[in-house]
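Scroll down for the structure; my scribbles are underneath it.
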Amino acid sequence: MKDAFIENCKASGIEIAYTGECMTTDTDYSSQAAQAMGLRVCSEVFADRAYRADGTPVPRGLPGAMIKNEEDAIARVVQMAEQGTVCAADGSTVTLQADSVYVHADGCKELCFVKQLSAALPAAGIEIKAHSA
């Protein structure tokens, strides 16, 4: 069914992009499957999550999983966008691809944070654009 949907979209000139969690290994099977179907893949990073040395997010139930300081979170996103790296919870540097930034919306200050992030990225010389751009 999904193959028919994708083919119909392509035939109609509708662009589909698969956005998946950024992985640092060859085990990101969802992204590999999307690429095999001819979809553009956008790697997503989390603005407010800590990462492990293997490039996966620290599980939310563990201490330090969420980056609560907005300035720290913004600095991390700028680093991910500029350098393609993030400092892992163990202090190591992890290489990743940051095509899309995910902001969790289960708190009360997300809109303000997104506005700050939207100002900080261009101020750092990082262009914000739509996936289709």
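Residue numbers for the sequence shown follow my numbering, beginning at 455 and rising by one. Heads up, the beta-carbon is just placed ideally off N, CA and C, and yes, glycines get one too. Owing to the predicted nature of the structure, the values given are computational and were not obtained by experimental measurement.
Pairing ALA542 with GLY518 gives a Cβ-Cβ distance that is not under 8 Å. At the C-beta level, SER554 and HIS585 come within 8 Å of one another.
ILE582 counts as exposed, since fewer than 16 other C-beta atoms from the protein chains shown sit within 10 angstroms of its C-beta. Here ARG514 is exposed. Its C-beta has fewer than 16 other C-beta atoms within 10 Å.
Around VAL548, the same chain offers THR478, TYR505, ALA507, GLY509, THR539, VAL540, ALA542 as residues with beta carbons nearer than 7 Å, after the five sequence neighbours per side are excluded.
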